[in-house]
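To start, the structure under review is shown below, and the notes come after it.
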Amino acid sequence: MSSEATVTNDILTTPALELGRRIAAREQSSAEVTGAFLDQIDAVEPAVHAFLAVDRDLALRRAGEVDAQIAAGERLSPLAGVPVAVKDLLCYQGLPTTAASRILEGWMSPYDATVVRRLQAGGLVILGKTNLDEFASGSSTESSGYGPTHNPWDLERIPGGSGGGSAAALAACEAPLAIGTDTGGSIRQPAAMTGTVGVKPTYGGVSRFGIIAMASSLDQCGPCARNAADAAALHQVIAGYDPQDSTSLDRPVPPVRQAAERADVTGMRIGVVRELGGEGYAPGVEARFGEAVAQLEAAGAEVIEVSCPRFEQALATYYLIMPSELSSNLARYDAMRYGLRVGDDGQHSVEQVMRLSRGQGFGAEVKRRIILGTYALSAGYYDAYYGSAQKMRTLIARDFAAAFDQVDALVSPVAPTTAFKLGEKVDDPLAMYMGDLCTIPSNLAGIAAGSFPCGVSPDDGLPVGFQVMAPALGDDQVYRVGAALERLVGPGYDAALSDRAAALPGSLVSMGKDAK
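Numbering (the working numbering), first residue to last: 7 to 522.
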């Protein structure tokens, strides 16, 4: 391998915090680091399709500005100069913001989301916008209006959803960091299926201003990375109170970086949720999860089985609340103000233009959810469906509260199975929805939760995710357990992730000992 290729390989497989340290010490420039990831994107995107938009010149110009700031002695975040991929739900003036929907094709936001502003203030370099299920409506990133993303572990499999683009970009070494959003598991499920880390902060812990809404009482933006420490550092950059978001919490950001550095579960009480396992869970998933729990117990944690009986109603509860809020939020896409407009030829009425535009602009899954949500909110059915679901949501939150009276954190698998094949469940929405069984409860309660790798399934050799849940504003507990598990799983797992990236067609990552 040439010296230039060795340097590129080193950049692509190095943790984000280490890249930030090198850039701050001027051992490498942000422009050099950014260029390496842009080259990897060019090389593997035909196979992976993690990105919807990339502007090479814009990213390199921003990297040059950060290098100049560092040279001038300006104090920035520990991640200054490090590239980051951003899910295409976040408004960013530099690139189109489409929510992966044809109804917003080519739309350029006139402002930046608060999270984007905080990334830029911290000195991070935005590489591009990542693919997702249209308006975050899906569990596989197959319902994107611009085609599916492929899992770097097996290009014939899904990367999880809805944030499959952000997770796949990490697993393919196209970015060292990414931003996702999580409404019912859309950060954690893709992390589990790609062998990466993803954390859903406490609801209100990260501003939603400038993020295209799916279900406003459930949506939360959060960090995605290849290890717990990097995710915690990114969390620190984007979190905090924002007066532009009425749901933002005016509370200090939990000490997530210190918790990730501590990575010690000695004396912690960890609860295994009885209802999130058993029938319907793949044997390989349960085997790896059980091993991980045993490792945490051997490391000094007290493990307790906990029952949360209302979790069995969480899926039905979510699939009434989420479509109801989605149908309300998506009513704004009416072809009158912005976005796609079909049939505006003087021969069609306003109502006909709306119908044609929404019919052509929205995909099948979004239409399904709009219809379901509109029905649940309709006169005569509101109390029976949406109102009853909100009551069950309260009971689920009470189950969490009772559990956290007994333990410091709860754990479960992230998903009942590993990544399934593309197209396998696309015609069976109920089977697709079942993939969210483990992740939905924490969104309904607004608590913190994260996914951390715990090895690969012996059934198919695909990644298995380990979910950690903690009380509201207990985000640091999520990182404490996740980072401890990361140390216990061992360094070989990260090498396996790099090897998967190396196996992609055209990848600039090399196999074996040269990959970190």
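From the three backbone atoms N, C-alpha and C, an ideal C-beta is built for every residue, glycine too. These numbers come from a predicted model, not from an experiment.
Residue i burial status per 10 Å Cβ neighbour count (16 or more: buried)
{"i": "Val356", "result": "exposed"}
{"i": "Glu371", "result": "buried"}
{"i": "Thr400", "result": "exposed"}
{"i": "Ala421", "result": "buried"}
{"i": "Glu180", "result": "buried"}
{"i": "Asp256", "result": "exposed"}
{"i": "Arg506", "result": "buried"}
{"i": "Lys135", "result": "buried"}
{"i": "Pro258", "result": "exposed"}
{"i": "Gly286", "result": "exposed"}
{"i": "Gly393", "result": "exposed"}
{"i": "Gln34", "result": "buried"}
{"i": "Asp63", "result": "exposed"}
{"i": "Pro182", "result": "buried"}
{"i": "Met199", "result": "buried"}
{"i": "Met438", "result": "buried"}
{"i": "Tyr344", "result": "exposed"}
{"i": "Ala74", "result": "exposed"}
{"i": "Ala78", "result": "exposed"}
Close Cβ partners of residue i (< 7 angstroms) along its chain, the five nearest in sequence each way excluded
{"i": "Ser150", "result": "Ala106, Asn137, Leu138, Asp139 and Glu140"}
{"i": "Gly128", "result": "Leu82, Ser83, Leu85, Ala86 and Val243"}
{"i": "Ala197", "result": "Ala173, Val203, Gly204, Cys230, Ser457 and Gly471"}
{"i": "Pro207", "result": "Gln226, Gly228, His241, Ala245, Ala454 and Asp481"}
{"i": "Val495", "result": "Pro459, Cys460 and Gly461"}
{"i": "Glu111", "result": "Thr104 and Leu346"}
{"i": "Ala142", "result": "Leu95, Ser168, Thr187, Thr189, Ser192 and Met220"}
{"i": "Asn157", "result": "Arg163, Ile164, Pro165, Ala174, Met199, Thr200 and Ala425"}
Span separating the alpha-carbon of residue i from that of residue j
{"i": "Tyr325", "j": "Asp405", "result": "19 angstroms"}
{"i": "Pro116", "j": "Gly100", "result": "9 angstroms"}
{"i": "His241", "j": "Asp351", "result": "48 angstroms"}
{"i": "Asp188", "j": "Ala451", "result": "13 angstroms"}
{"i": "Asp520", "j": "Ala22", "result": "For Asp520, the pLDDT reaches just 44, beneath the cut-off of 50, and the residue's location in the model is therefore unreliable, although a value from the coordinates is still provided. Going from the Cα of Asp520 to the Cα of Ala22 covers about 18 angstroms."}
{"i": "Thr12", "j": "Thr20", "result": "12 angstroms"}
{"i": "Arg374", "j": "Ala69", "result": "42 angstroms"}
{"i": "Ala533", "j": "Ala509", "result": "The structure shown does not extend to residue 533, since the chain is modelled only from 7 through 522, so no value can be given for it."}
{"i": "Glu311", "j": "Ala455", "result": "18 angstroms"}
{"i": "Pro59", "j": "Arg275", "result": "Checking the displayed sequence, the identity of residue 59 turns out to be Ala instead of Pro. Rounded to whole angstroms, Ala59 to Arg275 spans 44 angstroms at the Cα level."}
{"i": "Arg316", "j": "Lys397", "result": "11 angstroms"}
{"i": "Arg294", "j": "Arg214", "result": "34 angstroms"}
{"i": "Leu130", "j": "Val212", "result": "17 angstroms"}
{"i": "Leu321", "j": "Ser145", "result": "13 angstroms"}
{"i": "Arg32", "j": "Ser9", "result": "19 angstroms"}
{"i": "Asp411", "j": "Gly441", "result": "28 angstroms"}
{"i": "Arg280", "j": "Ala408", "result": "14 angstroms"}
{"i": "Val504", "j": "Phe57", "result": "Note on identity: in this sequence residue 504 is Ser, with Val being the wrong assignment. Those two C-alpha atoms are separated by around 19 angstroms."}
{"i": "Cys314", "j": "Gly277", "result": "11 angstroms"}
Cβ-based neighbour list, residue i, same chain, cut-off 6 angstroms, excluding 5 preceding and 5 following
{"i": "Ile29", "result": "Ser36 and Gly87"}
{"i": "Ile17", "result": "Val39 and Ala42"}
{"i": "Ala3", "result": "As displayed, the chain neither begins before 7 nor continues past 522, which places residue 3 out of reach and without an answer."}
{"i": "Ala238", "result": "Val262, Arg263, Ala266 and Tyr485"}
{"i": "Gly290", "result": "Ser463, Pro464 and Asp465"}
{"i": "Ser448", "result": "Ala455 and Met475"}
{"i": "Arg347", "result": "Ala341 and Ser363"}
{"i": "Val359", "result": "Ala341, Gly349 and Asp350"}
Contact belief for residue i with residue j at Cβ below 8 angstroms, rounded distance in angstroms
{"i": "Pro419", "j": "Cys444", "result": "6 angstroms"}
{"i": "Leu125", "j": "Val90", "result": "6 angstroms"}
{"i": "Ala489", "j": "Ala288", "result": "Contact flag wrong, Cβ pair sits at about 26 angstroms."}
{"i": "Ala231", "j": "Val203", "result": "5 angstroms"}
{"i": "Ala478", "j": "Ile446", "result": "Not really, about 17 angstroms apart at Cβ, beyond 8 angstroms."}
{"i": "Tyr523", "j": "Arg364", "result": "Nothing about residue 523 can be read from this structure; the chain reaches only from 7 to 522."}
{"i": "Leu133", "j": "Leu44", "result": "7 angstroms"}
{"i": "Tyr499", "j": "Pro459", "result": "6 angstroms"}
{"i": "Gln319", "j": "Thr120", "result": "At roughly 34 angstroms, the Cβ-Cβ gap does not stay under 8 angstroms, so Gln319 and Thr120 are not in contact."}
{"i": "Glu292", "j": "Gly283", "result": "6 angstroms"}
{"i": "Ser516", "j": "Asn15", "result": "5 angstroms"}
{"i": "Gln473", "j": "Val413", "result": "Not really, about 14 angstroms apart at Cβ, beyond 8 angstroms."}
{"i": "Val487", "j": "Ala415", "result": "5 angstroms"}
{"i": "Ala177", "j": "Gly201", "result": "6 angstroms"}
Contacting residues, own chain, Cβ-Cβ under 8 angstroms from residue i (five flanking each side not counted)
{"i": "Gly512", "result": "Ala49, Val50, Pro52 and Ala53"}
{"i": "Ile376", "result": "Pro329, Leu332, Ser333, Leu336 and Phe368"}
{"i": "Asp160", "result": "Ala425 and Leu468"}
{"i": "Ile327", "result": "Ala221, Ser223, Leu224, Tyr392, Ala395, Gln396, Arg399 and Leu450"}
{"i": "Ala403", "result": "Leu450, Ala451 and Gly452"}
{"i": "Val122", "result": "Val92, Leu96, Cys97, Tyr98, Ile132 and Gly216"}
Cβ-heavy atom distance, residue i to the ligand GDP, below 7 angstroms
{"i": "Ala22", "result": "The ligand content of the structure shown is nil, which means the ligand GDP is not present either."}
- Query: Are the stretch 166-177 and the stretch 190-205 touching, with three or more C-beta to C-beta distances below 8 angstroms?
  - Reply: Using a Cβ-Cβ distance cut-off of 8 angstroms, the stretch 166-177 and the stretch 190-205 are in contact, since at least three pairs of beta carbons, one from each stretch, lie closer than that value.
- Query: Does the stretch 264-282 touch the stretch 295-311, meaning 3 or more C-beta pairs lie closer than 8 angstroms?
  - Reply: Yes, the stretch 295-311 touches the stretch 264-282.
- Query: With contact counted as at least three CB pairs below 8 angstroms, one residue from each stretch, are the stretch 387-397 and the stretch 421-433 in contact?
  - Reply: Judged by Cβ distances under 8 angstroms, the stretch 387-397 makes no contact with the stretch 421-433, as fewer than three pairs qualify.
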